[in-house]
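K.L.:
Attaching a single structure in structure tokens format; questions to follow.
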Amino acid sequence: MPAILAKKLGMTQRFLEDGRVERVTVLEAGPCPVTAIRTHERDGYEAVQLAFGACREKKLTKAELGHLKKADASAHRHLVEFRDEAGELQVGETVTVEAFEAGQTVKVAGTSKGKGFQGTIKRHNFRRGPKSHGSHNVRAPGSIGASAWPARVMKGIRGPGQMGNKRVTQKGLEIVEIVSKDNLMLVRGSVPGPKGGTVEVRTDA
1 MPAILAKKLG
11 MTQRFLEDGR
21 VERVTVLEAG
31 PCPVTAIRTH
41 ERDGYEAVQL
51 AFGACREKKL
61 TKAELGHLKK
71 ADASAHRHLV
81 EFRDEAGELQ
91 VGETVTVEAF
101 EAGQTVKVAG
111 TSKGKGFQGT
121 IKRHNFRRGP
131 KSHGSHNVRA
141 PGSIGASAWP
151 ARVMKGIRGP
161 GQMGNKRVTQ
171 KGLEIVEIVS
181 KDNLMLVRGS
191 VPGPKGGTVE
201 VRTDA
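Residue numbers for the sequence shown follow UniProt numbering, so the first one is 1 and each next one is one higher.
Right under this line is the structure:
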């Protein structure tokens with residue numbers, strides 16, 4: 001199960017050889033040095049830790065720098081573990097976009113755009129109330145519980161609140177093109193998060 005960290009650069013379109021137009025998201029994927037290997041014997045699970053986002057050493061703590069130098073890796077901002085990857089990679093190796101190929105199906109996980117505190121119409125697609133005849137229930141959520149029983153608001157009810165800024169995984173995205181020399185991966189469709197956001201790319205298996 002190949003996996004890599006990437007930065008979302010934005011969306012564009014590509015004209016294919018057969019004349020079709022593909023709407024794609026451009027990801028700058030890797031290179032990601034392997035900074036740690038987790039094993040069943042020592043850690044209780046198998047995983048590989050990848051680093052991404054080269055930065056200056058002054059941006060990291062001494063503990064983070066020490067961990068990276070132990071793996072002979074330069075300063076990187078993000079460290080992420082991927083399960084079921086141990087055994088295929090070793091500390092000191094580097095994962096690049098060449099681990100993937102056009103036509104593969106991948107899933108991309110990231111933090112969605114935060115939209116702040118929103119009402120039920122925007123957040124849950126509720127319908128609005130009537131606007132005429134003196135109605136005061138235009139965008140209000142309406143009744144949220146009975147009085148006699150249960151005499152309280154049940155857990156899990158859909159209401160106003162924080163929207164977005166959550167981890168989202170988009171599955172079933174197809175790789176349209178790989179540009180190895182520029183570390184670019186072009187994926188059909190949209191992926192979570194804003195431009196410049198960091199995402200995790202895995203094969204959809």
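Don't be surprised by glycine CBs; every beta carbon is placed ideally from N, CA and C.
Quantities reported herein were computed from a predicted structural model and do not represent experimental measurements.
Gly116 and Met163 look like a contact to me (Cβ under 8 Å); what is the Cβ gap, rounded to whole Å?
P.N.:
Mapped onto the sequence shown, residue 116 falls at position 116. Mapped onto the sequence shown, residue 163 falls at position 163. That pair is a contact at about 7 Å.
K.L.:
Is the Cβ-Cβ distance between Val48 and Phe100 less than 8 Å?
P.N.:
Locating residue 48 in the sequence shown gives position 48, counting from the first residue. Locating residue 100 in the sequence shown gives position 100, counting from the first residue. Cβ distance not < 8 Å, so Val48 and Phe100 don't count as in contact.
K.L.:
May I ask you to list the residues that DSSP assigns as paired with Ala3?
P.N.:
Stepping through the sequence shown from its first residue, residue 3 is reached at position 3. DSSP, once it has assigned bridges, lists Arg202 as partnering Ala3.
K.L.:
Please look up how many angstroms separate the CB atoms of Phe52 and Thr198, rounded, as I've assumed it's under 8 Å.
P.N.:
Reading the sequence shown from its first residue, position 52 is the one you call residue 52. Reading the sequence shown from its first residue, position 198 is the one you call residue 198. Phe52 to Thr198, Cβ: 7 Å. Contact.
K.L.:
Under 8 Å, with one C-beta from each stretch per pair, do the stretch 50 to 67 and the stretch 1 to 18 reach the 3-pair mark?
P.N.:
yes
K.L.:
Helix or strand or just coil, what does DSSP make of Val24?
P.N.:
Start at 1 with the first residue of the sequence shown, and residue 24 comes out as number 24. Val24: strand per DSSP, three-state reduction.
K.L.:
So Ala29 and Val97 are in contact, right, with Cβ under 8 Å, and what is the actual spacing, rounded?
P.N.:
As a working note, residue 29 is residue 29 in the sequence shown. As a working note, residue 97 is residue 97 in the sequence shown. Correct: roughly 4 Å between the Cβ atoms.
K.L.:
Below 8 Å on the Cβ atoms is my guess for Thr35 versus Val106; work out the distance and round it to an integer in Å.
P.N.:
For the purposes of this step, residue 35 is identified with residue 35 of the sequence shown, where counting begins at 1. For the purposes of this step, residue 106 is identified with residue 106 of the sequence shown, where counting begins at 1. About 22 Å separates the two Cβ atoms, so there is no contact after all.
K.L.:
Only counting runs of 3 or more residues, tell me where the beta strand (DSSP E) segments fall wholly within the stretch 23 to 70, in order along the chain.
P.N.:
32 to 38, 47 to 54
K.L.:
Please go through the same chain and pick out, in chain order, the residues whose beta-carbon is closer than 6 Å to the beta-carbon of Gly114, but skip the five residues on each side of it.
P.N.:
Start at 1 with the first residue of the sequence shown, and residue 114 comes out as number 114. For Gly114, same chain residues with a beta-carbon under 6 Å away, outside a window of 5 residues either side, are Gly164, Asn165 in chain order.
K.L.:
I want to know whether the stretch 13 to 30 touches the stretch 65 to 79 - three or more CB-CB distances under 8 Å.
P.N.:
no
K.L.:
Which whole-angstrom value describes the C-beta separation of Val26 and Arg188, a residue pair presumed to lie in contact below a C-beta threshold of 8 Å?
P.N.:
Along the sequence shown, read from residue 1 onward, the residue named residue 26 stands at position 26. Along the sequence shown, read from residue 1 onward, the residue named residue 188 stands at position 188. Between Val26 and Arg188 the beta-carbon gap is near 12 Å, outside 8 Å, which marks them as no contact.
K.L.:
Please report the straight-line C-alpha distance between Asp43 and Gln90, rounded to a whole angstrom.
P.N.:
Stepping through the sequence shown from its first residue, residue 43 is reached at position 43. Stepping through the sequence shown from its first residue, residue 90 is reached at position 90. Approximately 16 Å between the Cα atoms of the pair.
K.L.:
Answer yes or no: do Ala102 and Ile175 have a C-beta to C-beta separation smaller than 8 Å?
P.N.:
Along the sequence shown, read from residue 1 onward, the residue named residue 102 stands at position 102. Along the sequence shown, read from residue 1 onward, the residue named residue 175 stands at position 175. Cβ atoms of Ala102 and Ile175: closer than 8 Å.
K.L.:
Measuring CB to CB, does Ser143 end up less than 8 Å from Met11?
P.N.:
Residue 143 sits at position 143 when you count from the first residue of the sequence shown. Residue 11 sits at position 11 when you count from the first residue of the sequence shown. Met11 is positioned such that its CB atom lies no closer than 8 Å to that of Ser143.
K.L.:
If you run the structure through DSSP and keep just helix, strand and coil, what is Arg152?
P.N.:
Taking the sequence shown and counting its residues from 1, one reaches residue 152 at position 152. Reduced to three states, the DSSP call for Arg152 is coil.
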